Structure formats: structure tokens, C-alpha cells
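Novice: The structure is given below, and queries will be raised subsequently.
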Amino acid sequence: MQIKDIYTKLLDHFGFQKWWPVHKGTDRFLEVSIGAILTQNTNWKNVEKAIENLIRENVLSWDKLEKIDIEKLKKLIKPAGFYNQKAVYIKNFIKATKGQPKERITKDFILSIKGIGEETADSILLYGLDKPYFIVDAYTKRIFYRLGIIKTKNISYKKLQDIIQQNIPEDIDIYKEFHALLVELGKNYCRKKPLCKECPLNDICKKNLK
DNA sequence: AGCCAGGCCAAGC
DNA sequence: GCTTGGCATGGC
């Protein structure tokens, strides 16, 4: 079973996910970046509440986020949790990237911002700027470990990213869809307590509990 | 009523 | 380089 066959199977089961979800009328690069910071170790439903707050208060823009009082920002993003550090991270990100031409927004550049790690950086690059970086998250590691493709869950981000990128076409739309599909599988079947019987990958998984 | 979520950083080996 | 503890809310 090849990695690209897993993608096909998931696509057959779930259909296209059309990630990353953004609101009409907002800057895609900005909304993806803020969403990526807010969703660090956080349920997306909670992130949606925080983003709704920012939109309702009309502060989801580079200018407004640069000027907003940080205590007010904390209040607005509170539903997303870890709001003290995330407010600082958002401020750091805005300060570093505001007014920068898109060519300057390289992975090394955004990784140098305190609060942006590997996954957040790749989310911004792939979904915000259409650059070919495959995103590795906790679901990706868990799923590939259970499938038997990797032998340890402690594999480094870079190693798993390389394995996946070397085994699927370098295609932005596939990168986007595949990651979204892995999240869908992780949420619905390959949970901490997995639902193996109904899992669409049951027949090719080593850890299944038939 | 716990357990969990689309991680990151700092500190300590 | 790898591991650990802290960070916080709301859904299920």
C-alpha cells in the first residue's frame, strides 16, 4: 500500500474538504495565519468562536491587529484557550509580516517569529500562500504510526514530512486535501480511542481492532 | 464529569 | 539533539 493510495481511499470516503475555511471579504493570508496560531493544540470549534469575535469587532485586518490593545485582543480570542500567549504570538506575527512583500515570507522567516513553529508555519505557507509544504500534525503522526508506515510516534517533524513529500506528487491541491482528509480521519475514526471497525482504512491498517 | 483538541516555548538532560 | 511541564477554553 502506497501513501498515495491512502490519499485516494480517504478522498473516496470523505470527498473533497476544500480547506482552509475562511470568511468572505477577509484577507486569506491573514485569516489563515491567525487561525493557525489560534488552533495550536485547540479544538477548531473554539477557534471559530474567537475568529467570529475578531470579525464582529472588525479587527481582523493588519492595521487593526497592529493597533489593538493586547488586553482587548486577549478578551476576544479567549474561547480559543491559551489566550495570553496566543495574543502575544499574534502581535509578534503582525509586527514581523505587516507590509512585507509576499516574496519575503519564507519558511525560515516566519519560523523566526516567536509563536510560529513547524506546523503553524507550514499551515500558513500552504493554505495562506499556496506554497508546497506538507503539514504534519498530531493526527498525521498517530495515523501513520498505527498504519505501520512509521515505527515510532516520536519521529521528528522533518522526517515524516520528507517521507510523505517523497511519496506523493508535489501538488499544492493534493497537499491541501490530503492534510484535511487526515484531520477528518483523526477526528472521526483514528481518535485516541480509535473506532477501527468503521474506519475506512481498516483493511490496510496494522493496528486495527477487527 | 472527565478527557481531549488541527502546538509552542523554555528548561533540563 | 530529545523529553518534560506549562499554557486554558469549551465541546462531547
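Using my numbering, the letters of the first sequence map in sequence onto residues 19 to 228. All C-beta atoms, glycine included, are put in the ideal place defined by N, C-alpha and C. Just so you know, these numbers come straight off a predicted model, no measurement behind them.
Indicate the three-state DSSP secondary structure (helix, strand or coil) for Gln183 in the structure shown.
Specialist: Gln183 falls in the helix class under three-state DSSP.
Novice: Let me know the alpha helix (DSSP H) ranges lying completely inside the region 95-180, each 4 residues or longer, listed in chain order.
Specialist: Runs of the alpha helix (DSSP H) inside the region 95-180: 101-115, 125-129, 136-141, 156-165.
Novice: Is the region 55-68 close to the region 95-111, with three or more CB pairs under 8 Å?
Specialist: Because the criterion of three Cβ pairs below 8 Å is met, the region 55-68 and the region 95-111 touch.
Novice: Please name the residue, chosen from Ile181, Lys210, Asn59, Leu200, that lies closest to Tyr25 on a Cα-to-Cα basis.
Specialist: The candidate whose alpha carbon is nearest that of Tyr25 is Leu200.
Novice: CB Ile222 to CB Leu165, shorter than 8 Å?
Specialist: Yes, the pair counts as a contact, with Cβ atoms nearer than the cut-off.
Novice: I'd like the list of long-range same chain contacts for Thr124, defined as Cβ closer than 6 Å, with 5 residues on each side in sequence excluded.
Specialist: Cβ neighbours of Thr124 beyond the five flanking positions: none.
Novice: Under 6 Å Cβ to Cβ from Phe32, same chain only, skipping five residues before and after it: list those, please.
Specialist: Hits under 6 Å: Leu199, Glu202.
Novice: Using a threshold of 8 Å, state whether the C-beta atoms of Asp148 and Ile190 are closer than that.
Specialist: Taking 8 Å as the Cβ cut-off, Asp148 and Ile190 qualify as a contacting pair.
Novice: Look at the Cβ atom of Lys63, then the Cβ atom of Leu144, and state whether they are nearer than 8 Å.
Specialist: It is not a contact, given that the beta carbons lie outside the stated cut-off.
Novice: Can you tell me whether Ser53 is buried or exposed, with buried defined as 16 or more other CB within 10 angstroms of its CB?
Specialist: The identity of residue 53 in the sequence shown is Gly, whereas the question assumes Ser. That one is buried.
Novice: Should Gly146 go down as buried or exposed, given a rule of 16 or more other Cβ atoms within 10 Å for buried?
Specialist: The residue in question, Gly146, is buried, as its Cβ has 16 or more Cβ neighbours within 10 Å.
Novice: For Leu219 and Glu188, what's the separation of their Cα atoms in angstroms?
Specialist: Approximately 23 Å between the Cα atoms of the pair.
Novice: Do you know offhand how far His41's Cα is from Ser130's?
Specialist: Cα to Cα, the separation comes out at about 28 Å.
Novice: Candidates Phe162, Lys169, Lys177: which alpha carbon is nearest Arg209's?
Specialist: Checking every option, the nearest Cα to that of Arg209 belongs to Phe162.
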